[in-house]
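Asker: Okay, handing you the structure first.
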Amino acid sequence: MNKLHMEVYKVERENVGVQAAHRAELLTEGGYRGAKRVTSSAYRFHKNRPYRKVSKLETKKLKSDMKLSYKKALRQSEAEKQCPIKIPSEAENQAYLCRRVQECQEVGCDDQAGGGRGV
Numbered sequence: 085m086n087k088l089h090m091e092v093y094k095v096e097r098e099n100v101g102v103q104a105a106h107r108a109e110l111l112t113e114g115g116y117r118g119a120k121r122v123t124s125s126a127y128r129f130h131k132n133r134p135y136r137k138v139s140k141l142e143t144k145k146l147k148s149d150m151k152l153s154y155k156k157a158l159r160q161s162e163a164e165k166q167c168p169i170k171i172p173s174e175a176e177n178q179a180y181l182c183r184r185v186q187e188c189q190e191v192g193c194d195d196q197a198g199g200g201r202g203v
């Protein structure tokens, strides 16, 4: 196709009618390519529509799951704050064991730091 256009370019400088016809042909070819591109783009857009909808719904579900887990974590932390039973931390547990060892050393127990608890 390019060779044909090159030949026409050589001749169109000599004849105004050939030049006008060739320009019209080029515009028509450009219009055809543009229409073809728009049509295929619209077809692809329409074809992918259900997949876009699924993607949006998956995103919506993910966000709602995140909100739900956040609310659950808040409720759980509030419930732990209201719990009347105090669970000792590691440092408090270690301090308790040290006190028990000192008491046993003062009294002379055989059971070191056990205090009858079997620890």
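Reminder that position 32 of the sequence shown reads as 116 in the numbering used here, one-by-one numbering, no gaps.
Ideal Cβ placement from N, Cα and C applies to all residues, glycine included.
(1) For G202, does the three-state DSSP call read helix, strand or coil?
(2) Less than 8 Å between the C-beta atoms of V102 and V92, yes or no?
(3) Would you report the Cα separation of V191 and C182, rounded to the nearest angstrom?
Answerer: Looking at the atomic coordinates:
(1) Within the sequence shown, the letter at position 118 stands for residue 202. Interpretation of G202 is limited by its pLDDT of 47, a score under 50 that renders its predicted location unreliable; the figure taken from the coordinates is listed afterwards. G202: coil per DSSP, three-state reduction.
(2) As a position in the sequence shown, residue 102 is number 18, starting the count at 1. As a position in the sequence shown, residue 92 is number 8, starting the count at 1. Taking 8 Å as the Cβ cut-off, V102 and V92 qualify as a contacting pair.
(3) On the sequence shown, position 107 is the one that residue 191 refers to. On the sequence shown, position 98 is the one that residue 182 refers to. Near 14 Å, if we compare the C-alpha coordinates of C182 and V191.
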